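Peer 1: Let me give you the structure first, and then I'll get to my questions.
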Amino acid sequence: MNEVQRMMGGAAMARQGIDRAAIAEAAYALAEERGLAGLGIRSVAEACGVSVGTIYNYFPTKDDLLVEVIGTFWQRAFHEDLCLIVEGERFDAFVSRVYAAMSSALAAFRSDWLPQISALSIQGRDEGKMRESATFDHIRAGMRGVLEADAQADPGRAGIEPAELVAFVLESMIAGLCAGEPDCRVLSALLRAGLYGPDTPGAEDAADGAGRLEPLARSTEGAAAAAAGER
Numbered sequence: 001m002n003e004v005q006r007m008m009g010g011a012a013m014a015r016q017g018i019d020r021a022a023i024a025e026a027a028y029a030l031a032e033e034r035g036l037a038g039l040g041i042r043s044v045a046e047a048c049g050v051s052v053g054t055i056y057n058y059f060p061t062k063d064d065l066l067v068e069v070i071g072t073f074w075q076r077a078f079h080e081d082l083c084l085i086v087e088g089e090r091f092d093a094f095v096s097r098v099y100a101a102m103s104s105a106l107a108a109f110r111s112d113w114l115p116q117i118s119a120l121s122i123q124g125r126d127e128g129k130m131r132e133s134a135t136f137d138h139i140r141a142g143m144r145g146v147l148e149a150d151a152q153a154d155p156g157r158a159g160i161e162p163a164e165l166v167a168f169v170l171e172s173m174i175a176g177l178c179a180g181e182p183d184c185r186v187l188s189a190l191l192r193a194g195l196y197g198p199d200t201p202g203a204e205d206a207a208d209g210a211g212r213l214e215p216l217a218r219s220t221e222g223a224a225a226a227a228a229g230e231r
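Here UniProt numbering is used: position 205 in the sequence shown is 205, and no number is missing along the way.
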């Protein structure tokens, strides 16, 4: 019995029945132990004590399994900050704070994960799967809660639906983190320009980004498919 089997309860999982969540947890534990490159349907089946066919019943392809594992990674990475809604904090400040915290946390994480996550994320078909993943839905829902708690923010100023904006912001943050960007200044400037009026405190910082409202709106068109199911 390997370390993952001991962590997950070994053959007891098979005897007690298994579901999608248990398979995903076993896959995540394997990925932590071996890296994403070492993750496969057969190894997950062995860790769960079930047949390969059982895994395919829940995850038709390896890509589906990878997307679930990556989604779990980001959900756990974002969890603490998503649950922390600071009274009076603007959405743009929240995004900057979470990005900085994530950047610091990732510096101590497995260095081999991020290039693989980035490579998977930039493939259109897998990006679509990530948008449809229930795990990413959870992250987007948490971010939307923060946006809605910001009384000063008005996504309608740029003709953007809240769900579309949140999907765009999440994808931008993940792309920046995977690329090793130390901060998200450009994203924050776009948010300030797009969400807040000229009389809003801090609006002067967004003056240089005001001309980017139209590109921001266009950028969110790619996230509209993700948001459609949330509205």
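In this text, a Cβ means the ideal position worked out from N, Cα and C, and glycines have one as well. Treat the numbers as computed from the prediction; the structure is a model and nothing was measured.
If distances are taken between C-alpha atoms only, which option among Ala167, Ser188, Ala100, Gln152 comes closest to Pro182?
Peer 2: When only C-alpha atoms are compared, the closest one is Ala100.
Peer 1: Whole angstroms are fine: how far does the CA of Thr72 sit from the CA of Gly88?
Peer 2: Approximately 29 Å, taken between the alpha carbons.
Peer 1: So Phe94 and Leu195 are in contact, right, with Cβ under 8 Å, and what is the actual spacing, rounded?
Peer 2: Actually they are not in contact, since the Cβ atoms of Phe94 and Leu195 sit about 11 Å apart, beyond 8 Å.
Peer 1: Enumerate in chain order the residues of its own chain whose CB-to-CB distance from Pro162 is below 8 Å, with the five nearest sequence positions on each side excluded.
Peer 2: Cβ neighbours of Pro162 beyond the five flanking positions: Arg144, Leu147, Glu148, Pro155.
Peer 1: Leu66 and Ala47 - do their beta-carbons sit closer together than 7 Å?
Peer 2: Their beta carbons are not under 7 Å apart, which means Ala47 does not touch Leu66 by this criterion.
Peer 1: So, using beta-carbon positions, are Val44 and Ala27 closer together than 7 Å?
Peer 2: Closer than 7 Å, so yes.
Peer 1: Below 6 Å CB to CB, which residues in the same chain sit around Glu68 once its five sequence neighbours on both sides are set aside?
Peer 2: Once the five neighbours on either side are set aside, the close Cβ partners of Glu68 are Ala24.
Peer 1: Given a cut-off of 7 Å on the beta-carbon distance, is the pair Ser188 and Ser51 in contact?
Peer 2: No, they are not a contact pair.
Peer 1: Here's the rule I'm using: 16 or more other beta-carbon atoms within 10 Å means buried, otherwise exposed. How should Ala153 be labelled?
Peer 2: It is buried - the Cβ of Ala153 has at least 16 other Cβ atoms within 10 Å.
Peer 1: Taking the straight line between their C-alpha atoms, what separation do you get for Leu177 and Asp19?
Peer 2: Their Cα atoms are separated by approximately 31 Å.
Peer 1: Please state whether DSSP places Arg20 in a helix, a strand or coil.
Peer 2: The answer is helix: DSSP assigns Arg20 an H, G or I state.
Peer 1: Indicate whether Arg185 and Val166 have their beta-carbon atoms separated by less than 7 Å.
Peer 2: Not closer than 7 Å, so no.
Peer 1: Leaving aside the five residues before and after Ile41 along the sequence, list all residues of the same chain whose C-beta is less than 8 Å from its C-beta, in chain order.
Peer 2: If we look at Ile41 and ignore the five residues flanking it on each side, its Cβ neighbours are Val52, Ile55, Tyr56, Phe59, Lys62, Leu65.
Peer 1: Determine the burial state of Ala77: buried for a count of at least 16 other Cβ atoms within 10 Å of its Cβ, exposed for fewer.
Peer 2: That one is buried.
Peer 1: Starting from the C-beta of Ser103, find all residues in its chain whose C-beta is less than 7 Å away, skip the five residues before and the five after it, and write them out in chain order.
Peer 2: Only Leu177, Pro182 meet the Cβ criterion.
Peer 1: Among Ile174, Asp150, Arg157, which has the Cα closest to the Cα of Pro198?
Peer 2: Checked all of Ile174, Asp150, Arg157; the closest Cα to Pro198 is Arg157.
Peer 1: Leaving aside the five residues before and after Trp74 along the sequence, list all residues of the same chain whose C-beta is less than 7 Å from its C-beta, in chain order.
Peer 2: Cβ within range, chain order: Ile139, Ile174.
Peer 1: Alpha carbons only, please: which of Gly180, Gly49, Ile160 is nearest the one belonging to Gly17?
Peer 2: Residue Gly49 is the option with its Cα nearest to Gly17.
Peer 1: Starting from the C-beta of Gly124, find all residues in its chain whose C-beta is less than 8 Å away, skip the five residues before and the five after it, and write them out in chain order.
Peer 2: Note on Gly124: pLDDT 43, under 50, position unreliable in the model; the coordinate value appears next. Within the same chain, Gly124 has no close Cβ partners at all.
Peer 1: Exposed or buried, what is Val169 when buried is set at 16 or more other beta-carbons lying within 10 Å of its beta-carbon?
Peer 2: The residue is buried, with at least 16 neighbouring Cβ atoms inside 10 Å.
Peer 1: On the criterion of 16 or more Cβ atoms from any shown chain inside 10 Å, does Val86 qualify as buried, or is it exposed?
Peer 2: Its Cβ having fewer than 16 others within 10 Å, Val86 is exposed.
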